[in-house]
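What follows is a single structure, written as structure tokens, with notes after it.
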């Protein structure tokens, strides 16, 4: 038993030093202003240059996987725009479940659009996922169809 105790103590110390205590969990980082989001998360935040009237910035969140989501609010509902950490990362936020995956193209964007319960009427929740250069994005909201690609293209436009 005497020989085991030092080995157990050493093992516990090594596990604690390597972060394997199991007590810590990665916590998302939050900011409350766009200026703070640019400073904390860097220049590649998914900030749109166009938003429909009435939308205002609410917060930005960087998830433990590195994805950054900006949330805008309006009386029409929330709009969440995410720059994903990788092309295969899941879209955070509300889940949108539909059986059909529409291909949308407009304003330079080519993406996959899913409507909640396949309901394409105005005000129905949707999720758009698209790639641009080496980055992957997703956006959820309830904007009218004509506004979806306008906002998405303004996220990736260079000017």
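Residue numbers (this note's numbering): 59 to 217.
No residue lacks a Cβ here, since even glycine has one placed at the ideal position from N, Cα and C.
Taking C-alpha atoms, which residue in the options lies nearest to residue i?
i           : options          : result
residue 122 : 191, 200 and 88  : 88
residue 195 : 211, 180 and 182 : 211
residue 142 : 99, 164 and 90   : 99
residue 9   : 86, 85 and 134   : Past the boundaries of the shown model lies residue 9; the chain is included only from 59 to 217, so the question cannot be answered.
residue 95  : 127, 202 and 108 : 127
residue 201 : 193, 178 and 90  : 178
Using DSSP with H/G/I as helix, E/B as strand and the rest coil, what is residue i?
i           : result
residue 175 : helix
residue 87  : strand
residue 244 : Residue coverage of the chain in this structure runs from 59 to 217, which leaves residue 244 outside it and unanswerable.
residue 92  : helix
residue 124 : coil
residue 111 : coil
residue 209 : helix
residue 204 : helix
Is the beta carbon of residue i sitting closer than 8 angstroms to the one on residue j?
i           : j           : result
residue 168 : residue 184 : no
residue 152 : residue 125 : no
State the CB to CB distance for the pair residue i and residue j, rounded to an integer number of angstroms; the pair is presumed to be in contact (CB under 8 angstroms).
i           : j           : result
residue 131 : residue 119 : Contact doesn't hold; Cβ gap of about 14 angstroms is too wide.
residue 213 : residue 104 : 5 angstroms
| query | Residue ranges of each beta strand (DSSP E) run of no fewer than 3 residues wholly in the segment 137 to 174, ordered along the chain? | reply | The segment 137 to 174 is shown to contain whole beta strand (DSSP E) runs of 3 or more residues at 137 to 141, 160 to 164 and 167 to 173, in chain order.
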